[in-house]
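The block underneath contains the structure these notes are about, expressed in structure tokens.
Chains as they are written, first to last, in this note's numbering: chain G, 185 to 531; chain U, 3 to 282.
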């Protein structure tokens with residue numbers, strides 16, 4: 185567990201891990217047994233003592249209760265966990281015969297968004313997903329999941345292809361935001377995202393979107409206009425990152441203002457569900473997806489297949505009308521029939 | 003030479019500043035010349051020396067663009083709720099109220115039917131004076147209704163944008179306005195409608211990345227800042243200075259992102275001519 189990213193709220197779990205490790209050393213003569221690595225594969229010693237079993241059960245309960253009441257800012261930290269599964273991982277775990285398709289046929293191939301046909305359950309689908317990258321080299325190539333215009337244009341080009349063949353689209357959202365840079369602006373970042381919003385709203389095949397990690401602003405929405413939108417339990421989704429919001433509204437981004445802005449932005453899955461911005465929350469295994477990627481992928485695949493079963497049964501006309509209505513009703517305001525007089529000029 | 007601390011009257015009595023009526027003269031941020039305010043205002047708020055385009059409110063924009071007295075306001079009954087009970091250094095409803103008192107407007111967008119050089123249009127103008135023209139639920143709803151009205155009535159849609167982007171105080175709901183307005187524009191497009199998007203200084207963030215860049219024809223005012231990310235964010239990300247004129251209208255024209263750059267004085271005739279070409 186040398187280079188493992190440590191979350192401070194997990195301190196009680198780490199202490200329990202030490203006790204488990206100590207109990208294991210006591211139970212077994214084999215000193216080679218590795219300590220249970222967080223996020224890694226749990227070792228299963230052949231014979232477990234009663235004490236060990238109790239400790240393991242306690243660990244699971246502790247994890248569940250810690251993650252049940254994650255604060256908004258800790259949710260953001262979990263969503264950014266370096267070992268959290270990414271689109272590529274989910275595609276490998278959920279899909280068969282993934283056939284990646286590259287390039288936007290205009291400018292280049294942005295590795296920050298991967299696209300390709302795949303089989304998911306009994307459905308043929310087009311998978312589209314942000315990719316952040318695992319090692320340093322891949323992270324740099326993917327700009328840490330911040331896509332360029334060519335990424336959004338690639339996504340749309342492949343979605344149009346899927347539309348032509350009547351193949352439903354599944355998008356996995358995981359980005360801090362679209363890339364802010366010279367090239368991105370020159371090549372029309374805003375236009376690329378805007379066109380995606382417009383075209384996805386009228387794409388004649390079912391679209392299912394899941395925010396699997398970070399859902400940052402227009403960069404996330406650029407592939408998330410869908411018939412059904414869900415979030416993994418510990419993902420976040422909002423109009424701006426907590427740091428960006430803190431820097432603007434609190435005039436400075438530090439640990440304290442980040443906590444405040446994360447809370448104010450209502451970015452957790454539960455808040456987004458309450459605001460009807462998403463339709464469902466897909467639960468993660470105890471202790472979040474990075475502890476059990478396969479378990480998380482299974483839950484995700486089950487949810488997607490259930491949605492596709494329903495959506496593929498609808499007529500295109502109903503599908504598009506429902507998609508339009510889904511976004512049309514979002515927004516909260518007060519409306520009076522008669523315009524009130526403007527507020528009087530008193531402080 | 004010893005350092006001398008100088009005090010000014012404005013420092014001593016800052017309260018007096020607000021009480022003084024706006025100056026007759028002002029310094030143009032474009033050419034640093036001292037210009038006569040009345041002359042600048044009579045020139046459509048454009049500097050008579052260097053043609054710097056001053057930022058104007060939605061009310062002024064409507065007055066400049068429409069045939070006199072032809073603007074009929076619509077969707078005026080909408081005002082902000084506080085769905086998130088958002089509170090930064092100030093509570094959101096307090097902010098809204100302060101902006102309403104300051105501007106006399108309910109929110110950051112005005113829309114209505116109007117005539118431009120005799121052609122009937124559906125016009126919507128964002129208002130920079132109201133919370134930097136940011137798009138929350140109210141702005142998104144007014145725009146969507148305007149788009150739907152244009153679709154239903156087969157009117158050319160003109161939207162004049164100037165905005166800091168999506169409104170942070172409504173968080174996710176503001177983000178959804180991007181999808182909502184874009185989806186409505188898809189329907190206008192399906193119906194064969196005309197949408198002329200006019201970009202003015204500044205148009206950034208979630209507004210640029212939704213309806214503003216979806217015009218059938220996109221016209222930008224000279225030297226307007228238009229982009230997705232703000233220059234400060236880009237500078238922080240790439241850690242180098244930005245080239246001169248970066249994200250300005252002329253830059254976007256050169257990169258193929260806007261159709262025309264038109265001075266304010268020509269906007270009316272530009273719009274009228276495009277309407278004629280579209281046959282609307």
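Glycine residues also receive a C-beta, built at the ideal position from the N, C-alpha and C atoms.
At a beta-carbon threshold of 7 Å, the residues of chain G lying near residue 178 of chain U are 461, 511, 514 and 515, ordered along the chain. Within the region 371 to 391 of chain G, those residues whose Cβ lies closer than 9 Å to any Cβ of chain U are, in chain order, 371, 372, 373, 374, 375, 376, 377, 378, 379, 380, 381, 382, 383, 384, 385 and 386. Taking a C-beta distance under 7 Å as the contact criterion, residue 414 of chain G and residue 391 of chain G do not qualify as a contact pair. Runs of the beta strand (DSSP E) spanning 3 or more residues and lying entirely within the region 327 to 402 of chain G occur at 353 to 359 and 391 to 400, in chain order. Here residue 498 of chain G carries a coil assignment [DSSP, helix/strand/coil]. For a Cβ distance threshold of 7 Å, residue set 369 of chain G lies close to residue 249 of chain U, ordered along the chain. In chain G, no part has a C-beta under 9 Å from the C-beta of residue 282 of chain U; the shortest such distance is about 20 Å. The beta carbon of residue 56 of chain U lies closer than 8 Å to those of 42, 47, 48 and 49 in the same chain, with the five residues before and after it left out. Every beta strand (DSSP E) of 3 residues or more that sits fully in the region 269 to 300 of chain G is shown, in chain order, as 280 to 285.
Put simply, the CB of residue 185 of chain U is near chain G, with a gap under 7 Å to one of its CB atoms.
Secondary structure of residue 208 of chain U (DSSP, three-state): helix. The C-beta of residue 173 of chain U comes closer than 7 Å to at least one C-beta of chain G. Annotated three-state conformation of residue 117 of chain U is strand, per DSSP. The beta carbon of residue 235 of chain U sits closer than 7 Å to some beta carbon of chain G. Take the alpha-carbon of residue 500 of chain G and the one of residue 347 of chain G: they are about 11 Å apart. Within chain U, no residue has its CB atom less than 8 Å from the CB of residue 296 of chain G, the nearest being about 14 Å off. Contact residues of the region 412 to 431 of chain G toward chain U are 421, 422, 423, 424 and 429 (C-beta to C-beta distance below 7 Å). In this structure, residue 299 of chain G lies away from residue 325 of chain G, with their beta-carbon atoms at least 7 Å apart.
When DSSP states are grouped into helix, strand and coil, residue 233 of chain U belongs to the helix group. Judged by DSSP secondary structure, residue 101 of chain U falls within the alpha helix (DSSP H) whose first and last residues are 94 to 105.
It is roughly 15 Å from the alpha-carbon of residue 153 of chain U to the alpha-carbon of residue 382 of chain G. If you compare the alpha carbons of G/386, G/372, G/266 and G/402 with that of residue 323 of chain G, the shortest gap goes to G/266. Contact annotation for residue 257 of chain G against chain U: no contact, minimum CB-CB distance about 15 Å [criterion: below 8 Å]. Annotation: residue 158 of chain U to residue 490 of chain G spans about 42 Å, alpha carbon to alpha carbon. Using a Cβ-Cβ cut-off of 7 Å, residue 240 of chain U is close to 365 and 366 of chain G, given in chain order. In the three-state reduction of the DSSP assignment, residue 449 of chain G falls in the coil class.
At a cut-off of 7 Å, the C-beta of residue 201 of chain U has no neighbouring C-beta in chain G. Between residue 459 of chain G and residue 175 of chain U, the alpha-carbon positions lie close to 8 Å from each other.
In the structure shown, residue 213 of chain U falls within a helical segment according to DSSP collapsed to helix, strand and coil. One alpha carbon belongs to residue 228 of chain U, the other to residue 204 of chain G, and they sit about 58 Å apart. DSSP, read as helix, strand or coil, puts residue 315 of chain G in coil. Under a criterion of Cβ atoms nearer than 8 Å, the residues of chain U adjacent to residue 456 of chain G are, in order, 174. When the alpha-carbon of residue 45 of chain U is set against those of U/250, U/268 and U/196, the nearest one is in U/268. In the three-state scheme derived from DSSP, where H, G and I count as helix and E and B as strand, residue 282 of chain U is classed as coil. With respect to chain U, the C-beta atom of residue 337 of chain G has no partner C-beta closer than 7 Å. For the region 253 to 270 of chain U, the residues whose beta carbon sits under 7 Å from a beta carbon of chain G are, in order, 257 and 259.
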